[in-house]
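Residues in the sequence shown are numbered from 1 upward in steps of one, following full-length UniProt numbering.
Structure first, then comments.
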Amino acid sequence: MELDAAQLFENFEEKLNKWRADCHKTIDLFFKRKCQEFYQIIAEKVNKQKKEMIRLQLNVNELIRQQKASLEKIDSLKLDVDHLGQEIILIEYNKCFQINTHPLVIDNNSLNIIESKLPLFNLTTLSSPYAGIYHTYGSWKPLASNNKFLLKHQMPNLCLLDRELRLVKQNVWTHGLIWDMCWSSTLACFIILTLNNVFLLDENKMSIQQVQAIKGQRWYSCTCSDTSLFLSTAKAGSSINEFKISSSIEFTKQWQSPDTCTKDEWIYDIVYSNETLALMIGEQKNKTKRMELRSSMTLDRIWLLRLDIIDLQNRAIRCCLLNDEEWLVIDRSSSRLFHITKDGKVKTTIVYESEPWRACLFGSNILAVSNENGINFHKL
């Protein structure tokens with residue numbers, strides 16, 4: 001799994017947008033309350049003037065009825081009418097009130113971004129699964145994640161699960177056995193590998209499109225960088241093909257045996273990280289397994305680690321990228337997980353509770369392990 005800044009920012013952007021929406025809601029409520037207060041003040045003022053008009057009208061009517069009005073009363077009434085008229089004019093032209101506004105001052109500390117340390121992975125203290133999903137009969141075991149969603153095959157569908165493990169979207173898969181899957185941030189698609197074909201899965205539309213530019217090989221594993229798609233072939237003396245990915249997918253180069261591995265060896269898995277490729281290699285004759293870290297540009301070897309694995313059935317071993325550029329090796333032949341440091345040392349080995357096939361880091365703090373019966377989810 002390759003870490004992608006744009007994809008990671010989407011998770012933070014959701015929180016920022018929620019904060020903004022909450023702020024807008026607070027401002028709207030404040031605005032509504034002030035509008036009600038101002039309306040009440042104006043309404044009281046208008047009602048007061050109406051009452052004064054009624055009072056003056058009653059006084060005038062009473063004077064007319066009595067036909068007795070001293071000059072003093074007439075002058076007083078005239079003054080009251082003039083004063084009322086002036087106030088009505090002020091109200092009509094919005095000069096009776098003045099609204100004082102002040103710019104809204106936002107405390108810069110209202111929103112802080114604090115760098116937090118990624119959880120350190122410790123295989124010896126791996127927590128018990130906090131959740132799990134059973135494979136339906138006929139489901140393929142590979143997993144892939146873009147930190148937002150986890151992709152799995154749940155017969156007969158391809159399913160996207162969110163961080164709460166809720167089914168978000170699904171689409172029927174009709175293209176046969178899935179050998180591997182990975183995420184391409186450049187294409188904004190999941191890449192799905194079958195023995196003879198490569199497919200793109202759009203996470204928004206859940207549309208499945210075959211890549212017509214990639215044909216004529218038997219494929220086994222896949223991985224992506226920002227600029228390239230790497231595919232290894234399903235044969236002894238495996239080769240690695242690199243394809244440039246942008247608006248289209250174009251063949252770039254091919255590395256063949258013995259640059260990749262010997263003619264008696266098989267590349268079971270390839271995983272990209274920070275301009276390197278992790279290769280999981282099995283020797284077909286002596287049944288041994290090893291892990292190599294290579295340059296993704298030149299395929300030059302950076303380090304080699306021989307694993308304590310002898311598998312008479314030559315079953316595939318897989319790996320997944322952990323935090324801090326460390327690795328988890330999955331060996332289903334012995335049901336073991338190997339924690340590998342960034343410089344190629346075995347840090348810890350444990351026997352997993354059920355035969356593990358694949359593993360995938362889902363975000364920075366969830367480890368998904370696909371086993372014989374389903375997927376276990378562990379908090380890191």
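Here a beta-carbon is modelled for each residue, glycine too, at the ideal position from N, C-alpha and C.
- Per the C-alpha coordinates, the member of K244, K141, V346 and Q217 positioned closest to F230 is K244.
- Sixteen is the threshold: since fewer than 16 other Cβ atoms of the shown chains lie within 10 Å of the Cβ of M155, the residue is exposed.
- Measuring C-alpha to C-alpha distances from G344 to each of L307, L367, D331 and C261 identifies L307 as the nearest.
- Restricting attention to alpha helix (DSSP H) runs no shorter than 4 residues, the stretch 303-336 encloses none.
- Boundaries of the beta strand (DSSP E) around Q254: I249 to W255.
- About 21 Å separates the beta carbon of A236 from that of K253, a gap too long to meet the 8 Å contact definition.
- Three or more beta-carbon pairs separated by less than 8 Å are not found between the stretch 265-279 and the stretch 193-208, which leaves the two stretches without contact.
- Inter-residue distance for K18 and F12 is about 10 Å (C-alpha atoms, whole angstroms).
- In this structure, the alpha-carbon of I27 lies about 11 Å from that of R20.
- Closest in alpha carbon position to W303, among I340, L79 and N108, is I340.
- Residue F338 holds the alpha-carbon nearest to the alpha-carbon of I309 among W266, F338, T125 and S295.
- Beta-bridge partners assigned by DSSP to D180: L193.
- Nearest neighbour of Q98 by Cα position, chosen from K152, R55, F121 and I42, turns out to be I42.
- The shortest CA-to-CA distance from S334 to any of P356, K347 and C319 is the one to P356.
- In the pairwise beta carbon analysis, the stretch 102-114 is classified as not touching the stretch 324-334: fewer than three pairs are separated by under 8 Å.
- The DSSP assignment places complete beta strand (DSSP E) segments of no fewer than 3 residues inside the stretch 139-178 at 143-145, 150-154, 157-161 and 167-172, in order along the chain.
- Contact check for R218 and L195: beta-carbon distance about 6 Å, within the 8 Å limit, so the pair qualifies.
- Between F149 and V172, the CB-CB gap reaches or exceeds 9 Å.
- K34 and E87 have their C-alpha atoms roughly 24 Å apart.
- By alpha-carbon distance to I267, the top candidate from L187, D180, Y352 and K342 is D180.
- In the same chain as A144, and ignoring 5 residues on each side of it, the C-beta atoms closer than 6 Å to its own belong to L151, M181, C182, W183 and F190, in chain order.
- Per DSSP, Y268 is one residue of the beta strand (DSSP E) stretching across E265 to S273.
- Beyond the five residues adjoining it in sequence on each side, D162 comes within less than 7 Å, by CB distance, of F149 and V168 in the same chain, given in chain order.
- For P129 against F362, the beta-carbon gap comes to about 13 Å, at or over 8 Å, which does not count as contact.
- Taking 8 Å as the upper bound for CB-CB distance, S239 and T260 are in contact here, some 6 Å apart.
- Assigned with DSSP and collapsed to three states, C261 falls in coil, not helix or strand.
- Using a Cβ distance threshold of 9 Å, C224 and D269 do not count as a contacting pair.
- Put simply, of L299, Y272 and E326 the residue whose alpha carbon is nearest the alpha carbon of P258 is L299.
- The beta carbon of I375 lies closer than 8 Å to those of G132, I133, H135, L143, K152, A368 and V369 in the same chain, with the five residues before and after it left out.
- CA-CA distance, L160 to Q36, rounds to 47 Å.
- In the structure shown, A359 adopts extended strand secondary structure according to DSSP, grouped into three states.
- Burial state of A316 is buried, judged by a 10 Å Cβ sphere holding 16 or more other Cβ atoms.
- Following the DSSP letters along the chain, one finds A234 in no beta strand (DSSP E), marked with neither H nor E.
- DSSP lists L200 as the beta-bridge partner residues of Q209.
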